[in-house]
Amino acid sequence: MSYDIIGDIHGHADALKALLVQLGYREHSGAWRHPERQTIFLGDFIDRGPQQTETLDIVRRMMDTGRALAVMGNHEFNAIAWFLPNPRAPGDSLRSNRLDKNRRQHSAFLNAVADKPLQHKSYIDWFLSLPLWLELPGLNIVHACWHPDHLAYLAPRLDADRCLNADLMVEATQEPEDAAEKNSPEPSLFKAVEALLKGIEIPLPPGASFWDKDGHARQHVRIRWWDSTATTYDQVALLPDTERAQLPKQPIPEPVSIRQDHGKLVFIGHYWMTGQPESLSDSVICVDYSVAKGGKLVAYRWDGEATPNRANFQWVGE
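Counting from 1, one number per residue, gives the positions in the sequence shown under UniProt numbering.
Written out as structure tokens, the structure is:
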């Protein structure tokens, strides 16, 4: 099977349709189709953009007709958590609807389903049917981080399709309350789902911090988990240069790159890349190039190769 792997769409249905046309897909009987290829979507269909429900309808119809596969993104996870009640906080949801920050981040989708409770619930049920990852012949698919240890922990907890359910969502949203528990190597559902859908964070050395773009002091940093050459905090940090410059140049205490199966390519989204699309390593390819910030909607055309081919990127935008 040949696949077209498409990155985060965030409610930009016009860009998605333009990319599908460029890739040779045509709309027929309500679904976009290609005579020889199948699409794989990397999640984050919602929030930010102007065409929330149209984007979801395109993806769902392609999946319902066998023309596409997809995994859950962190925005679908957050949408489920916003919708489900929090048994630990009566009157609130698992992702608190009392926080302005949460409402702002989710407002485009909420506005699209306002006064449409049945449609809203239908989308949430569909989000819950999305697997956290896909293992296919020759390639692995996950939204943010392919982490074999977390995958092994999650596999027996999930259903046969690697999906969460409402009960597991309660546990998956239960963030550790103290630093010792958060930094513990012991696995948990929260840590595993957080890694797969949002990436890996590590603590900075005692006393070290940096100021993020919103003026908040941070003591943890998200990392380039695919980069086996990074050995210091400033090298491994997944940050803009201005924020990276604030980090210590001292060595990280242990390697943080995650060994991949080099017989298979790993495809991810999530990371708001910019510039000319290219692989992150000899086995990891990101196809999120910031369409929701005026960037590109990117696809990678995979035809069985075991190493990345820069010529296989296609995109619309910019």
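Virtual Cβ for every residue (Gly too), placed ideally from N, Cα, C.
Would you tell me roughly how many angstroms separate the C-alpha atoms of H150 and H75, rounded to the nearest one?
-> Rounded to the nearest angstrom, the two C-alpha atoms are 20 Å apart.
Would you report the Cα separation of T242 and V221, rounded to the nearest angstrom?
-> The C-alpha of T242 lies about 14 Å from the C-alpha of V221.
If you count every other CB in all the chains shown that lies within 10 Å of the CB of S29, and 16 or more means buried, which is it?
-> Result: exposed.
Distance between A152 and Y300 (C-alpha atoms, nearest Å) | Straight-line Cα distance between these residues: approximately 27 Å.
So, V71 versus G49, is the Cβ gap smaller than 8 Å?
-> Between V71 and G49, the C-beta spacing is not below 8 Å.
Helix, strand or coil for T229 per DSSP?
-> In the structure shown, T229 sits in coil (DSSP, three-state: anything other than H, G, I, E or B).
Locate the alpha helix (DSSP H) running through Y123, then write down its first and last residues.
-> That run of the alpha helix (DSSP H) goes P117 to L128.
Could you check the C-alpha separation between A160 and L154 for me, to the nearest Å?
-> Taking the straight line from one Cα to the other gives about 11 Å.
Among R95, E305 and V287, which one has its Cα closest to the Cα of F313?
-> Of the candidates R95, E305 and V287, the one whose C-alpha sits nearest the C-alpha of F313 is V287.
Can you tell which of D4, Q174, W272 and G263 has the C-alpha that lies nearest to the C-alpha of A144?
-> Of the candidates D4, Q174, W272 and G263, the one whose C-alpha sits nearest the C-alpha of A144 is W272.
Take every Cβ of the stretch 205-220, pair it with every Cβ of the stretch 163-177, and state whether three or more of those distances are shorter than 8 Å.
-> Touching, no, given that fewer than three Cβ pairs across the two stretches are closer than 8 Å.
Three or more C-beta pairs closer than 8 Å, one from the stretch 48-68 and one from the stretch 95-104: is that the case here?
-> Result no; under three Cβ-Cβ pairs closer than 8 Å.
Rounded separation between Q246 and L84 - CA only = Distance between the alpha carbons of Q246 and L84 is about 39 Å.
What residues in its chain sit with their C-beta under 7 Å from that of E54, if we drop five residues either side in the sequence?
-> The beta carbon of E54 sits closer than 7 Å to the beta carbons of A13 from its chain, once the five residues preceding and following it are set aside; these are given in chain order.
Apart from the five residues just before and just after A292, which ones in its own chain have a Cβ nearer than 6 Å to its Cβ?
-> Excluding the 5 residues flanking it on each side, A292 has same chain C-beta neighbours closer than 6 Å at H10, R48 and G49, in chain order.
Simplified DSSP state of W272, which is helix, strand or coil | Coil, per DSSP.
Presumed contact (8 Å Cβ cut-off) between V113 and Q119, rounded CB distance = V113 to Q119, Cβ: 6 Å. Contact.
State the start and end residues of the unbroken beta strand (DSSP E) segment that holds S2.
-> Its beta strand (DSSP E) spans residues S2 to I6.
Go ahead and pull the three-state DSSP assignment for L84.
-> Coil.
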